[in-house]
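J.: Using the working numbering, the letters of the sequence shown map in sequence onto residues 1 to 367. Note that beta-carbon positions come from the ideal geometry of N, C-alpha and C, so glycine has one too. None of these values were measured; they are calculated from a predicted model. Got a structure for you, questions after.
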Amino acid sequence: MIISGGGTGGHIFPAIAIANALKKKVPDVNILFIGAKGKMEMEKVPAAGYPIEGLWISGLQRKLTMKNLAFPLKVISSMMKAGRIMKKFKPDVVIGVGGFASGPTLRVASNKGIPTLIQEQNSFPGITNKLLAKKVNKICVAYDGMEKFFPKEKIILTGNPIRREMIEIEGKQDEAFSFFKLTPDKPVVLVVGGSQGALSINKSIHNHLTQFSEQGVQLIWQTGKYYFHTAKEVAGAFQDNGVRIVEFIDRMDYAYAIANVIISRAGAIAISEICAVGKPTVFVPLPSAAEDHQTKNAQALVEKKAALLVKDQEANETLVDSVIQLIRNKEKQIELNHNLLKLARKDSDEKIANEILALINQKRSKQ
Numbered sequence: 001m002i003i004s005g006g007g008t009g010g011h012i013f014p015a016i017a018i019a020n021a022l023k024k025k026v027p028d029v030n031i032l033f034i035g036a037k038g039k040m041e042m043e044k045v046p047a048a049g050y051p052i053e054g055l056w057i058s059g060l061q062r063k064l065t066m067k068n069l070a071f072p073l074k075v076i077s078s079m080m081k082a083g084r085i086m087k088k089f090k091p092d093v094v095i096g097v098g099g100f101a102s103g104p105t106l107r108v109a110s111n112k113g114i115p116t117l118i119q120e121q122n123s124f125p126g127i128t129n130k131l132l133a134k135k136v137n138k139i140c141v142a143y144d145g146m147e148k149f150f151p152k153e154k155i156i157l158t159g160n161p162i163r164r165e166m167i168e169i170e171g172k173q174d175e176a177f178s179f180f181k182l183t184p185d186k187p188v189v190l191v192v193g194g195s196q197g198a199l200s201i202n203k204s205i206h207n208h209l210t211q212f213s214e215q216g217v218q219l220i221w222q223t224g225k226y227y228f229h230t231a232k233e234v235a236g237a238f239q240d241n242g243v244r245i246v247e248f249i250d251r252m253d254y255a256y257a258i259a260n261v262i263i264s265r266a267g268a269i270a271i272s273e274i275c276a277v278g279k280p281t282v283f284v285p286l287p288s289a290a291e292d293h294q295t296k297n298a299q300a301l302v303e304k305k306a307a308l309l310v311k312d313q314e315a316n317e318t319l320v321d322s323v324i325q326l327i328r329n330k331e332k333q334i335e336l337n338h339n340l341l342k343l344a345r346k347d348s349d350e351k352i353a354n355e356i357l358a359l360i361n362q363k364r365s366k367q
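Rendered as structure tokens:
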């Protein structure tokens, strides 16, 4: 099997979750990933134990730029390389999870008559999956109402696949406190702005570090690579007060295990994981996301009394105050925890794996 896509954690980690579920069902399955050269999948996929090939591909810039002149060449180059990979690897099925590389890979696979499936994480699809929808055999989605974007007869509602090891947090508190060098007698706030970080969240934390310290609140702050060094410099004086700065959290299970409250963007995978662990969360949706879908994602939880929402442009003024209030309000935390767990879907990876295996069986039964 080939799994293609990436660019951000929101595409990469569902892909790894699907691969893990397939391996569980078919232990001797041969899985190859195809990603975009220079993107984070080229590092994260091998770290998860899977081989990956890279294509020379990137997105089309929305404004007029010289980079767009190379785009047609990149597409042709990527389709040729994807074709060579298919010829050598001979996949039974090709799966796309969104992101630059999945476009040429899935296009080549469908042209060759290889069964194809795409998984769309968001309530508003990315351009790659929209373009592929007419060509592929099945489309696994996480939200109702996706027939607005995709052919209805191809859609299967599965939810978003999440890595099981990320949400298995029971009994890990002692290890987690030791891992982050924090103490169990003070509350912990986990800050995650997505795999790339989030500027408004980072600046809000930066500007209010003293407030956390004064309130006796410990912090696990995932900054992303662009803000990491700035955060390191400003947080140096707070290290002894339980402020931990990391560029990227590899052990999210540990972070989830000891977090009392989470601050997060409202990407689809973040929401799926947070529902599964049931940790009270203040969402700060990314306003520039397509069709403002992150706000819609978060608002759906707010309406079910499962989360709080702070607008991006108001984060600096109100985010930290909202979090401190939530830390002090145990009843609200219990309410959010209870309502989040009701929304959790923990078997999405298995459902998608079953759909993939069914596609292969259909093809074989016709041969």
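Rounding to the nearest angstrom, what Cα-Cα distance links Ile3 and Val97 in this structure?
T.: Numbered from 1 along the sequence shown, position 3 holds the residue referred to as residue 3. Numbered from 1 along the sequence shown, position 97 holds the residue referred to as residue 97. Spanning the two alpha carbons is a distance of roughly 8 Å.
J.: Ala306 and Cys275 - do their beta-carbons sit closer together than 9 Å?
T.: Counted from its first residue, the sequence shown places residue 275 at position 275. Counted from its first residue, the sequence shown places residue 306 at position 306. Closer than 9 Å, so yes.
J.: Could you say which of Gly145, Gly159, Asn137 lies nearest to Asp349 if we only look at CA atoms?
T.: By one-based count along the sequence shown, residue 349 stands at place 349. Here the closest residue by C-alpha is Gly159.
J.: Look at Leu117 and Val136 and say whether their C-beta atoms are less than 9 Å apart.
T.: Taking the first residue of the sequence shown as position 1, residue 117 is located at position 117. Taking the first residue of the sequence shown as position 1, residue 136 is located at position 136. Yes, the Cβ-Cβ distance between Leu117 and Val136 is below 9 Å.
J.: Report the residue from Lys186, Glu273, Asp92, Leu286 whose alpha carbon sits nearest the alpha carbon of Leu343.
T.: As a working mapping, residue 343 is identified with position 343 in the sequence shown. Selected option, being the one with the closest Cα: Glu273.
J.: So, Ile95 versus Ile18, is the Cβ gap smaller than 9 Å?
T.: Within the sequence shown, the letter at position 95 stands for residue 95. Within the sequence shown, the letter at position 18 stands for residue 18. Result yes, Cβ atoms of Ile95 and Ile18 sit closer than 9 Å.
J.: Taking only the alpha-carbon atoms, compute the straight-line gap between Lys279 and Gly193 and give it to the nearest angstrom.
T.: If you number the sequence shown from 1, residue 279 lands on position 279. If you number the sequence shown from 1, residue 193 lands on position 193. Taking the straight line joining both Cα atoms gives about 16 Å.
J.: Within this structure, are the beta carbons of Phe33 and Pro51 separated by less than 9 Å?
T.: Here residue 33 corresponds to residue number 33 of the sequence shown, with the count starting at 1. Here residue 51 corresponds to residue number 51 of the sequence shown, with the count starting at 1. Going by C-beta atoms, Phe33 is nearer than 9 Å to Pro51.
J.: Tell me Leu401's beta-bridge partners as DSSP assigns them.
T.: This structure cannot settle anything about residue 401, because the visible part of the chain is limited to 1 through 367.
J.: Applying the 10 Å Cβ sphere with the 16-neighbour rule, what's the burial state of Gly126?
T.: Working through the sequence shown from its first residue, we reach residue 126 at position 126. By the neighbour-count rule (16 or more Cβ atoms within 10 Å), Gly126 is buried.
J.: Assuming Ala11 and Asn122 are in contact, meaning their beta carbons sit under 8 Å apart, how far apart are those beta carbons, in whole angstroms?
T.: The count along the sequence shown starts at 1 and reaches residue 11 at position 11. The count along the sequence shown starts at 1 and reaches residue 122 at position 122. The displayed chain sequence assigns His, not Ala, to residue 11. Contact flag wrong, Cβ pair sits at about 10 Å.
J.: Can you name, in chain order, every residue of its own chain whose Cβ lies under 8 Å from the Cβ of Phe248, other than the five neighbours on each side?
T.: Stepping through the sequence shown from its first residue, residue 248 is reached at position 248. Same-chain partners within the cutoff: Ser195, Gln222, Gly224, Lys225.
J.: Mind checking Ala176: buried by the 16 CB within 10 Å criterion, or exposed?
T.: Along the sequence shown, read from residue 1 onward, the residue named residue 176 stands at position 176. Per the 10 Å Cβ criterion, buried.
J.: Closest to Ala48 by CA distance: which of Arg164, Ile271, Val261, Glu147 is it?
T.: Within the sequence shown, the letter at position 48 stands for residue 48. That would be Arg164, whose Cα lies nearest to the Cα of Ala48.
J.: Rounded to the nearest angstrom, what separates Asn202 and Asn241 at their Cα positions?
T.: One-based indexing of the sequence shown puts residue 202 at position 202. One-based indexing of the sequence shown puts residue 241 at position 241. Rounded to whole angstroms, Asn202 to Asn241 spans 18 Å at the Cα level.
J.: If you draw a straight line from the C-alpha of Leu308 to the C-alpha of Lys332, how long is it?
T.: Numbered from 1 along the sequence shown, position 308 holds the residue referred to as residue 308. Numbered from 1 along the sequence shown, position 332 holds the residue referred to as residue 332. One C-alpha to the other measures close to 10 Å.
J.: I'd like the list of long-range same chain contacts for Lys385, defined as Cβ closer than 8 Å, with 5 residues on each side in sequence excluded.
T.: The first residue shown for the chain is 1 and the last is 367, placing residue 385 beyond what the model contains.
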